[in-house]
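S.K.: Residue numbers (the working numbering), protein chains in the order written: chain Y, 3 to 168; chain R, 3 to 168; chain C, 3 to 168; chain L, 3 to 168. In this text, a Cβ means the ideal position worked out from N, Cα and C, and glycines have one as well. Shown below is the structure under consideration.
Protein chains: 4
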Amino acid sequence: MHLYMHDRGHDLSRHRRKTMEFKPYCRKVHYYETDKMGITHHSNYIRWMEEARIDFLEQLGWGFDRLEALGLLSPVLSVNCCYQESTRFRDEVCIRVAVREFRGVKLFLEYEMTNAKNGHQVLTGTTQHCFLDTSFRPVRLKKEFPELNEILCRLAKDRAEGRNLE
Amino acid sequence: MHLYMHDRGHDLSRHRRKTMEFKPYCRKVHYYETDKMGITHHSNYIRWMEEARIDFLEQLGWGFDRLEALGLLSPVLSVNCCYQESTRFRDEVCIRVAVREFRGVKLFLEYEMTNAKNGHQVLTGTTQHCFLDTSFRPVRLKKEFPELNEILCRLAKDRAEGRNLE
Amino acid sequence: MHLYMHDRGHDLSRHRRKTMEFKPYCRKVHYYETDKMGITHHSNYIRWMEEARIDFLEQLGWGFDRLEALGLLSPVLSVNCCYQESTRFRDEVCIRVAVREFRGVKLFLEYEMTNAKNGHQVLTGTTQHCFLDTSFRPVRLKKEFPELNEILCRLAKDRAEGRNLE
Amino acid sequence: MHLYMHDRGHDLSRHRRKTMEFKPYCRKVHYYETDKMGITHHSNYIRWMEEARIDFLEQLGWGFDRLEALGLLSPVLSVNCCYQESTRFRDEVCIRVAVREFRGVKLFLEYEMTNAKNGHQVLTGTTQHCFLDTSFRPVRLKKEFPELNEILCRLAKDRAEGRNLE
Numbered sequence: 003m004h005l006y007m008h009d010r011g012h013d014l015s016r017h018r019r020k021t022m023e024f025k026p027y028c029r030k031v032h033y034y035e036t037d038k039m040g041i042t043h044h045s046n047y048i049r050w051m052e053e054a055r056i057d058f059l060e061q062l063g064w065g066f067d068r069l070e071a072l073g074l075l076s077p078v079l080s081v082n083c084c085y086q087e088s089t090r091f092r093d094e095v096c097i098r099v100a101v102r103e104f105r106g107v108k109l110f111l112e113y114e115m116t117n118a119k120n121g122h123q124v125l126t127g128t129t130q131h132c133f134l135d136t137s138f139r140p141v142r143l144k145k146e147f148p149e150l151n152e153i154l155c156r157l158a159k160d161r162a163e164g165r166n167l168e
Numbered sequence: 003m004h005l006y007m008h009d010r011g012h013d014l015s016r017h018r019r020k021t022m023e024f025k026p027y028c029r030k031v032h033y034y035e036t037d038k039m040g041i042t043h044h045s046n047y048i049r050w051m052e053e054a055r056i057d058f059l060e061q062l063g064w065g066f067d068r069l070e071a072l073g074l075l076s077p078v079l080s081v082n083c084c085y086q087e088s089t090r091f092r093d094e095v096c097i098r099v100a101v102r103e104f105r106g107v108k109l110f111l112e113y114e115m116t117n118a119k120n121g122h123q124v125l126t127g128t129t130q131h132c133f134l135d136t137s138f139r140p141v142r143l144k145k146e147f148p149e150l151n152e153i154l155c156r157l158a159k160d161r162a163e164g165r166n167l168e
Numbered sequence: 003m004h005l006y007m008h009d010r011g012h013d014l015s016r017h018r019r020k021t022m023e024f025k026p027y028c029r030k031v032h033y034y035e036t037d038k039m040g041i042t043h044h045s046n047y048i049r050w051m052e053e054a055r056i057d058f059l060e061q062l063g064w065g066f067d068r069l070e071a072l073g074l075l076s077p078v079l080s081v082n083c084c085y086q087e088s089t090r091f092r093d094e095v096c097i098r099v100a101v102r103e104f105r106g107v108k109l110f111l112e113y114e115m116t117n118a119k120n121g122h123q124v125l126t127g128t129t130q131h132c133f134l135d136t137s138f139r140p141v142r143l144k145k146e147f148p149e150l151n152e153i154l155c156r157l158a159k160d161r162a163e164g165r166n167l168e
Numbered sequence: 003m004h005l006y007m008h009d010r011g012h013d014l015s016r017h018r019r020k021t022m023e024f025k026p027y028c029r030k031v032h033y034y035e036t037d038k039m040g041i042t043h044h045s046n047y048i049r050w051m052e053e054a055r056i057d058f059l060e061q062l063g064w065g066f067d068r069l070e071a072l073g074l075l076s077p078v079l080s081v082n083c084c085y086q087e088s089t090r091f092r093d094e095v096c097i098r099v100a101v102r103e104f105r106g107v108k109l110f111l112e113y114e115m116t117n118a119k120n121g122h123q124v125l126t127g128t129t130q131h132c133f134l135d136t137s138f139r140p141v142r143l144k145k146e147f148p149e150l151n152e153i154l155c156r157l158a159k160d161r162a163e164g165r166n167l168e
C-alpha cells in the first residue's frame with residue numbers, strides 16, 4: 003500500500019512524487035480470542051480493525067495521544083465486515099487500512115486483512131467516523147485542524163485515483 | 003414484533019392466523035464493556051447481537067443445543083452495524099431480531115436495538131449466515147432440515163409482507 | 003446467604019433480628035465467552051465477579067450510580083480465583099458475594115459461584131478494594147460516608163460470627 | 003531473568019553453565035481494554051498473563067501447537083493478581099514469567115508486570131495449572147513427557163536457588 007505524496011507546484015506529468023508507505027498492522031490471534039468452534043470469534047476482528055486504525059493514524063502522525071491532547075474524538079458511526087476465511091489461535095493477521103472517502107466531515111476507512119501464514123484474505127471491512135470535540139460537538143477539520151483535513155483529503159483522492167493501493 | 007403463523011390449508015382471507023410473538027432480548031451494559039470515552043465500546047454491540055440471535059433461535063425452538071446436537075453450524079459471513087446513539091454503564095438495551103431474507107442457503111438477519119431508559123434507537127444492524135455441518139461443508143436446509151427451512155422461509159416471507167414487525 | 007440486621011438497642015439474646023437476604027447474581031455463559039477448549043475462558047469469571055459485586059452493592063443500596071454521584075471510586079487491589087469445575091455455553095452460573103472483612107479502609111469480598119444446572123461449585127474467589135475520590139486520593143468511609151462504613155462493618159462482623167451465610 | 007542450564011556431569015564449582023535467557027513478553031494496551039475509569043480494566047491483566055505464559059512456553063520449546071499435537075492440555079486451576087499501579091491506553095507492559103514450583107503434577111507460575119514507560123511495577127501474579135489429556139484425564143509428565151518434566155523441575159529448582167531471576 004503506497005501513498006504518493008505529490009510535490010505540489012511541481013510537474014506531476016514527470017511523475018515526481020514522494021512515496022508514503024504504510025506498514026500493515028500485524029498481530030497474532032490470542033487463545034482467549036477463539037471460541038468453542040475452534041476458530042477466532044467474529045467480534046474480535048472489529049477490535050483488530052480498531053488496533054489497525056490507531057496504528058494507521060500514528061503512521062500518519064496523528065496518533066490518539068495527539069488527537070486527545072487536541073481534544074479531538076473520532077467515534078465509530080458504522081462498521082461493516084465481510085468474513086472470507088476463518089483464523090485460528092497463533093495465526094498472524096496483517097491489516098491494511100486506507101482512506102476510502104473524506105470530504106471534510108465523515109471519514110470512511112477500508113480494511114483488508116490477510117493471514118500471514120498463507121496470504122489468504124481473511125476479511126474486508128469498512129468503518130465510518132466523525133470528528134467531535136470533548137463536549138461531543140461536531141468539529142470542522144478544515145477550519146480547526148487544516149493539516150489533518152488536508153492529509154485525509156489527499157489520501158482519499160489518491161485512493162480514488164488508484165494510487166494508494168499497490 | 004409479531005409473526006403471524008398461517009394456518010396452512012385454511013382460508014387466509016378470513017385472517018385466521020396464529021400469532022407468534024418474539025420477545026426482545028434485553029440486557030444491561032456491564033462496567034467492563036465501557037471504554038475510556040465513558041461509553042460502551044462499539045465492539046460489544048456485535049457480541050450483544052449474537053446474544054440476541056441465540057435467544058431468537060431459542061424462541062423459534064432451534065436453540066444452539068439443538069443445532070449442535072444435529073451437527074449444524076451457522077457461522078457469521080458478514081456483520082453490519084450503524085451506531086445511532088451511545089449507551090452507558092447500567093443502561094439496558096433491548097434487541098429485536100427478524101429474518102430479513104432466506105431462500106434456502108444464506109440467512110440474512112436484521113437487528114434493532116433500543117435503550118430501555120428512553121426508547122431511543124441505539125443501533126440497527128444486519129448479519130449474514132450460512133449453514134455448515136461439522137466438517138464445514140454446506141448443508142441444504144430444505145433437504146436435511148425441512149422444518150427449520152420452512153420456518154425461516156416463512157419468517158422472511160412475512161417480513162417482506164410487513165407482517166412480522168409491528 | 004442471610005444477613006441478620008440487628009435491632010440495635012434491643013435485646014439480642016432474644017434473637018430478635020431482621021433478616022437481610024441477598025439474592026445470588028445469576029447469568030448465562032455467552033458463546034463468545036467460550037474458547038477453543040470448548041469451555042468458558044478463565045478470564046471471564048473475573049468479569050462475572052465484577053457483575054456480581056455491582057449487583058451486590060445495588061442490593062445494599064449502594065449502586066455504582068450512587069457511588070459515582072458521590073465521587074466515590076472503588077478500584078480492585080487484588081483478585082484471587084480457584085477454579086473447581088468448568089462451565090460451558092448456555093450454563094447458568096449463580097454467584098454469591100459476601101463481605102469477608104472490612105475495618106474502615108480495605109474491603110475484602112468473597113465469592114462463591116455454582117452451576118445452576120447441577121449445583122456444583124464452579125469457583126471460589128476473593129477481591130480486595132479500597133475507596134478513592136475522583137482525584138484518586140484515599141477516602142475514609144467512617145468520616146465521609148458513615149452509613150456505608152457501618153453497613154460494611156456490620157456485614158463483616160456478621161460473617162465473622164457465621165451469620166450471613168446459611 | 004536468567005536460567006542457568008547445568009552441564010550435567012560436569013564440575014559445577016567451575017561455574018560452567020549455559021545460560022538460558024527468557025525475553026519478557028511485551029505488548030501495548032489497546033483502546034478497548036480501557037474502561038470508563040480511564041484506565042485498563044483489571045480483567046485484561048489475566049488475559050495478558052495468558053499471552054505471556056504462552057510466549058514463555060514457546061521460548062521453552064513447548065509452544066501450544068506442540069502441546070496440542072501431543073494431546074496435552076494445561077488448564078488454569080487458580081489465578082492470583084495483586085494490582086500495584088494502573089496502566090493506560092498505549093502504555094506498554096512487559097511481563098516476566100517464572101516457574102515457582104513444579105514437582106511433577108501441579109505447575110505453579112509467577113508473573114511480574116512492569117510499565118515500559120517508567121519501569122514501575124504494575125502487577126505481580128501467580129497461576130496454577132495441571133496437565134490433562136484430551137479426555138481431561140491427569141497426565142503424569144515424568145512418565146509420558148519426561149523432557150518437559152525435566153525442564154520444568156529444573157526451572158523450579160533454579161528459581162528456588164535464586165538463579166533464574168536476575
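Can you name the residues that DSSP bridges to residue 83 of chain R?
M.R.: Per DSSP, Y/81, R/127.
S.K.: Within 10 angstroms of its Cβ, does residue 31 of chain C collect 16 or more other Cβ (buried), or is it exposed?
M.R.: The residue is buried, with at least 16 neighbouring Cβ atoms inside 10 Å.
S.K.: Answer with yes or no whether the minimum CB distance from residue 49 of chain L to chain C is below 8 Å.
M.R.: Taking Cβ atoms only, chain C reaches closer than 8 Å to residue 49 of chain L, which makes this a yes.
S.K.: Go through the stretch 99-148 of chain R residue by residue and report every complete run of the beta strand (DSSP E) that reaches 3 residues or more, in order.
M.R.: Segments of the beta strand (DSSP E) lying fully in the stretch 99-148 of chain R: 109-117, 123-131.
S.K.: Using the Cα positions of residue 96 of chain Y and residue 91 of chain L, report the straight-line distance between them to the nearest angstrom.
M.R.: Roughly 21 Å separates the two Cα atoms.
S.K.: Cα-Cα, which of C/107, C/64, C/80 is closest to residue 51 of chain C?
M.R.: The shortest Cα separation from residue 51 of chain C among C/107, C/64, C/80 belongs to C/80.
S.K.: Beta carbon of residue 133 of chain L, beta carbon of residue 45 of chain L: below 8 Å?
M.R.: Their beta carbons are not under 8 Å apart, which means residue 133 of chain L does not touch residue 45 of chain L by this criterion.
S.K.: Is the stretch 55-75 of chain R close to the stretch 145-159 of chain Y, with three or more CB pairs under 8 Å?
M.R.: Verdict: no, contact absent.
S.K.: Are the C-beta atoms of residue 136 of chain L and some chain R residue less than 8 Å apart?
M.R.: No, residue 136 of chain L does not count as interfacial toward chain R.
S.K.: Starting from the C-beta of residue 151 of chain Y, find all residues in its chain whose C-beta is less than 7 Å away, skip the five residues before and the five after it, and write them out in chain order.
M.R.: Closer than 7 Å at Cβ, skipping near neighbours: 106, 143, 144.
S.K.: Is the beta carbon of residue 37 of chain R sitting closer than 8 Å to the one on residue 34 of chain L?
M.R.: Yes, the Cβ-Cβ distance between residue 37 of chain R and residue 34 of chain L is below 8 Å.
S.K.: Out of L/94, L/111, L/69, which one is the CA nearest neighbour of residue 149 of chain L?
M.R.: If we check each option's Cα against that of residue 149 of chain L, L/69 comes out closest.
S.K.: Apart from the five residues on each side of it in sequence, which residues of its chain come closer than 8 Å, Cβ to Cβ, to residue 154 of chain Y?
M.R.: For residue 154 of chain Y, where only same-chain residues beyond five positions count, the Cβ hits under 8 Å are 101, 104, 109, 143.
S.K.: Using a cut-off of 7 Å between C-beta atoms, extract the partners of residue 92 of chain R located in chain C.
M.R.: Near residue 92 of chain R (Cβ distances below 7 Å), the residues of chain C are 66, 67.
S.K.: Report yes if the C-beta distance between residue 118 of chain Y and residue 94 of chain Y is below 8 Å; otherwise report no.
M.R.: Yes. Within cutoff.
S.K.: Chain R partners of residue 39 of chain Y, CB-CB under 9 Å?
M.R.: Residues of chain R passing the Cβ test: 75, 77.
S.K.: Write down the C-beta distance between residue 122 of chain C and residue 128 of chain C rounded to the nearest angstrom, noting that I regard them as a contact closer than 8 Å.
M.R.: Contact flag wrong, Cβ pair sits at about 20 Å.
S.K.: By the criterion of Cβ-Cβ separation under 8 Å, what are the contact partners of residue 45 of chain Y in chain C?
M.R.: Here the neighbours are 34.
S.K.: Can a CB atom of chain R be found closer than 8 Å to the CB of residue 4 of chain Y?
M.R.: Residue placement at residue 4 of chain Y is poorly supported in this model, since its pLDDT is 40, which falls under 50; the coordinates are not used for a value here.
S.K.: Report the CB separation of residue 74 of chain C from residue 138 of chain C in whole angstroms; it is logged as a contact under 8 Å.
M.R.: Contact doesn't hold; Cβ gap of about 12 Å is too wide.
S.K.: Examine chain L for any beta-carbon lying closer than 8 Å to the beta-carbon of residue 97 of chain Y, and answer yes or no.
M.R.: For residue 97 of chain Y, the answer is no, since every Cβ of chain L falls outside 8 Å of its Cβ.
S.K.: In this structure, how does DSSP classify residue 92 of chain C when only helix, strand and coil are distinguished?
M.R.: Coil, per DSSP.
S.K.: Within the 8 Å Cβ cut-off, does residue 83 of chain Y reach chain R?
M.R.: Closer than 8 Å to some Cβ of chain R, the Cβ of residue 83 of chain Y qualifies, so yes.
S.K.: Would you please state the rounded distance, in angstroms, between the beta carbons of residue 47 of chain L and residue 125 of chain L? I believe it to be under 8 Å.
M.R.: With a Cβ gap of about 6 Å, residue 47 of chain L and residue 125 of chain L count as contacting.
S.K.: Would you verify that the beta carbon of residue 52 of chain R is, or is not, closer than 8 Å to some beta carbon of chain C?
M.R.: Yes, residue 52 of chain R lies at the interface with chain C (some Cβ there is under 8 Å from its Cβ).
S.K.: Could you check which residue in C/120, C/141, C/62 has the C-alpha nearest to that of residue 87 of chain C?
M.R.: For residue 87 of chain C, the nearest C-alpha among the options comes from C/120.
S.K.: Whole angstroms is fine: what's the gap from residue 24 of chain C's alpha carbon to residue 63 of chain C's?
M.R.: If I take the Cα positions, the gap works out to 12 Å.
S.K.: Measure the C-alpha to C-alpha separation of residue 162 of chain C and residue 39 of chain Y and round it to an integer number of angstroms.
M.R.: If you take the alpha carbons of residue 162 of chain C and residue 39 of chain Y, they lie about 45 Å apart.
S.K.: In this structure, does DSSP put residue 38 of chain R in helix, strand or coil?
M.R.: Three-state DSSP puts residue 38 of chain R in coil, outside helix and strand.
S.K.: Could you tell me the boundaries of the beta strand (DSSP E) in which residue 27 of chain C lies?
M.R.: Looking at the DSSP string, the run of the beta strand (DSSP E) that includes residue 27 of chain C is 27-30.
S.K.: Which value, in whole angstroms, describes the spacing of the CA atoms of residue 111 of chain Y and residue 130 of chain R?
M.R.: Each residue's alpha carbon lies about 22 Å from the other.
S.K.: Rounded to a whole number of angstroms, what is the C-alpha to C-alpha distance between residue 99 of chain Y and residue 89 of chain L?
M.R.: For residue 99 of chain Y and residue 89 of chain L, the distance between alpha carbons rounds to 27 Å.
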